[in-house]
Amino acid sequence: MTEGIRLIIGLGNPGADYEKTRHNAGFWLADEYAKKMNASFSLDKNMAAWVAKGRFDGQPIIIAKPTTFMNRSGQAAGALMRFYKLKPEQVLVLHDELDLLPGQAKLKKGGGHAGHNGLRDIQQVFSSPDYWRMRIGIGHPRSLGVAQQVAAFVLSAPRAAEREAIEDVLWRADAILTPLLQGNFDLAIQQLHGGNG
Numbered sequence: 188m189t190e191g192i193r194l195i196i197g198l199g200n201p202g203a204d205y206e207k208t209r210h211n212a213g214f215w216l217a218d219e220y221a222k223k224m225n226a227s228f229s230l231d232k233n234m235a236a237w238v239a240k241g242r243f244d245g246q247p248i249i250i251a252k253p254t255t256f257m258n259r260s261g262q263a264a265g266a267l268m269r270f271y272k273l274k275p276e277q278v279l280v281l282h283d284e285l286d287l288l289p290g291q292a293k294l295k296k297g298g299g300h301a302g303h304n305g306l307r308d309i310q311q312v313f314s315s316p317d318y319w320r321m322r323i324g325i326g327h328p329r330s331l332g333v334a335q336q337v338a339a340f341v342l343s344a345p346r347a348a349e350r351e352a353i354e355d356v357l358w359r360a361d362a363i364l365t366p367l368l369q370g371n372f373d374l375a376i377q378q379l380h381g382g383n384g
């Protein structure tokens, strides 16, 4: 089995104005993971992030939510990776995904940023695409029949049925935390993707 995840970074925008927006789906899952590990977030200005620290099999596990806006997520990701002396393969980034419907999620390692500004910034800072990503489906205005531009869509709150579907994904993603930390990625992928319908 390969090394497990040691750093989990939820992507989103800071502040109450953005808390319930689709673009903050990564923050929502980071909160769930922190709860599961009985860890609380505290502000770490040096890391430009809210940081929660847990343990798994004697290893420290760091969960972070950058305090910068989405397009500067690499600042916190890079600082945390350097401080904890981690490799990109030990990092999991949680983010919203337009190309997946609410209720769907995918886990993968590597690949491009697909126009996601948070991933673009992280990839530049890491100088590598070889980190893990949890793509949390929020849908696209086109696929959901919403008359909104993408920028406005991601910065608005999901409708009730969409939020319910996203919460189902958060529950499924929460259930695979242990295999992720163990490095059992095949099992994590099988369990997460199995619920996509």
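Position one of the sequence shown corresponds to residue 188 (the working numbering), numbered consecutively onward.
Glycine included, C-beta positions come from ideal geometry on N, C-alpha and C.
Remember, it's a predicted structure, so these values are computed and weren't measured experimentally.
Exclusion of the five residues before and after residue 262 leaves 235 and 255 as the residues of its chain whose Cβ lies within less than 6 angstroms of its Cβ. Each residue's CA atom was taken as its position, placing residue 337 and residue 311 some 23 angstroms apart. In the DSSP assignment, residue 229 falls within the beta strand (DSSP E) that extends over 229–231.
Minimum Cα-Cα distance from residue 286 among the listed residues 296, 246, 302 and 247 corresponds to 302.
Contact fails between the segment 227–242 and the segment 334–352, because fewer than three Cβ pairs, one in each stretch, are under 8 angstroms apart.
When 249, 360, 212 and 372 are compared, the shortest CA-CA separation from residue 273 is found for 249.
Restricted to the segment 339–370, the alpha helix (DSSP H) segments that are unbroken, complete and at least 4 residues in length are 347–362 and 364–369, listed in chain order. Collapsing the DSSP output to three states places residue 289 in coil.
Taken in chain order, the complete alpha helix (DSSP H) segments of 4 or more residues contained in the segment 266–341 are 304–313, 328–331 and 337–341. By the CB criterion at 8 angstroms, residue 335 and residue 328 fall inside the cutoff. Within its own chain, the residues whose Cβ lies closer than 7 angstroms to the Cβ of residue 277, once the five positions on either side in sequence are excluded, are 190, 192, 193 and 194, listed in chain order. Burial of residue 219 is indicated by the presence of at least 16 other C-beta atoms within 10 angstroms of its C-beta.
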